[in-house]
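In what follows, a single structure is set out as C-alpha cells and then discussed.
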Amino acid sequence: MSRGKLIFITGGARSGKSSFAEEIAAKTSKEVAYLAAGQPLDEEMAHRIKKHREKRPNTWETYEEPIEVRELVSRLGLEKEVILIDCLTLLTSNLLLRKEDKVEDSRWQGEILAEIEKLAEVSYKVPAQVIIVSNEVGMGLVPDNPLGRVYRDILGRANSIIANKADEVFIMISGIPLKVKG
Numbered sequence: 001m002s003r004g005k006l007i008f009i010t011g012g013a014r015s016g017k018s019s020f021a022e023e024i025a026a027k028t029s030k031e032v033a034y035l036a037a038g039q040p041l042d043e044e045m046a047h048r049i050k051k052h053r054e055k056r057p058n059t060w061e062t063y064e065e066p067i068e069v070r071e072l073v074s075r076l077g078l079e080k081e082v083i084l085i086d087c088l089t090l091l092t093s094n095l096l097l098r099k100e101d102k103v104e105d106s107r108w109q110g111e112i113l114a115e116i117e118k119l120a121e122v123s124y125k126v127p128a129q130v131i132i133v134s135n136e137v138g139m140g141l142v143p144d145n146p147l148g149r150v151y152r153d154i155l156g157r158a159n160s161i162i163a164n165k166a167d168e169v170f171i172m173i174s175g176i177p178l179k180v181k182g
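Residues 1 to 182 (UniProt numbering) are what the sequence shown spells out, left to right.
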C-alpha cells in the first residue's frame, strides 16, 4: 500500500487557510474526513463551528476531536482518500491546556511536541492524502503573558515539525496561497 501526500497550510488569522484546504480536498475526492479540533467553549466559537459545518459538502464526514487526532488519522487514513485537519492551532492549544498548571514545565511542553511528531509521522505514512491547517502566531506581537508566550513558542515548533515532514507547504497571505515547499 503506497502512502498518500501530506500537505501543510499555514498563515495568519482569516487569511483563507481553511477555504484553500477545503478546495484542495474537494478537488481530490468527494469522500473527505474532516477532523475539527475546535471546541464550542463560548457562543462565538459555537457560531463559528456551525458556519464551518454548514459550508462543508454533505458527503464529507465530520469528526469533532479536540485531543485524539493522531489516533483518528491512523484509523481513517486506511479508510478515506482525504483527511483534512482543521486545525493544528486548536489541537496544540487543547493539548497545552489539558494540564494548565504545567504549562511552563519543559517536560510537559516536550510531551506535547512528541505528540505532534507522532501526528506528523502518521499523517506522512497513511495511504490517504492528509491536509493540515495551522496559524502562524509567531509573526505578530509578543504575547504579554507567560501562557501566551509558551503557546506561541510551542505552536511555532509544532508548525515546523509538520512543515518539515510535509510533501507540500503553503502559506496564505491575504487570501493568496504561496507554495513554499514541494
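The beta carbon of each residue, even a glycine, is placed where N, CA and C say it ideally should be. The structure displayed is predicted, hence computed values, not measured ones.
Three-state secondary structure (DSSP) of residue i
| i | result |
| --- | --- |
| Asp153 | helix |
| Gln109 | helix |
| Ile162 | helix |
| Thr62 | strand |
| Glu44 | helix |
| Ala37 | coil |
| Leu76 | helix |
| Ile7 | strand |
| Glu68 | coil |
| Glu168 | strand |
| Lys17 | helix |
| Lys50 | helix |
| Lys181 | strand |
Chain-order list of residues whose beta-carbon lies under 8 Å from that of residue i (same chain, five-residue window excluded)
| i | result |
| --- | --- |
| Phe20 | Ile9, Phe170, Met172 and Pro177 |
| Ser18 | His52, Asp86, Cys87 and Val133 |
| Asn94 | Ala37, Gln39, Pro66 and Ile67 |
| Lys118 | Arg70 |
| Met139 | Gly12 |
| Arg48 | Gly38 |
| Arg98 | Ile67 |
Contact set for residue i: own chain, Cβ-Cβ below 7 Å, skip 5 residues either direction
| i | result |
| --- | --- |
| Ile166 | According to the sequence provided, residue 166 is Ala. The question's Ile does not apply to it. Taken in chain order, the residues that qualify are Leu6, Ile7, Phe8 and Lys181. |
| Arg157 | Leu113 |
Integer-rounded CB distance, given that residue j should sit under 8 Å from residue i
| i | j | result |
| --- | --- | --- |
| Gly4 | Val130 | 6 Å |
| Ala33 | Ile83 | 5 Å |
| Ile112 | Leu96 | 6 Å |
Proximal residues to residue i (C-beta, below 6 Å), its chain only, five neighbours per side dropped
| i | result |
| --- | --- |
| Ala120 | Ile161, Ile162 and Lys165 |
| residue 216 | Summary: the structure shown does not reach residue 216, with the chain confined to residues 1 through 182, and so no result is reported for it. |
Runs of beta strand (DSSP E) lying entirely within the segment 84-149, each at least 3 residues, in chain order: 129-135
Given 8 Å, three or more beta-carbon pairs between the segment 65-78 and the segment 28-45: yes
Stretch pair the segment 143-154 + the segment 120-135: three plus CB contacts closer than 8 Å: no
Given 8 Å, three or more beta-carbon pairs between the segment 93-109 and the segment 57-64: no
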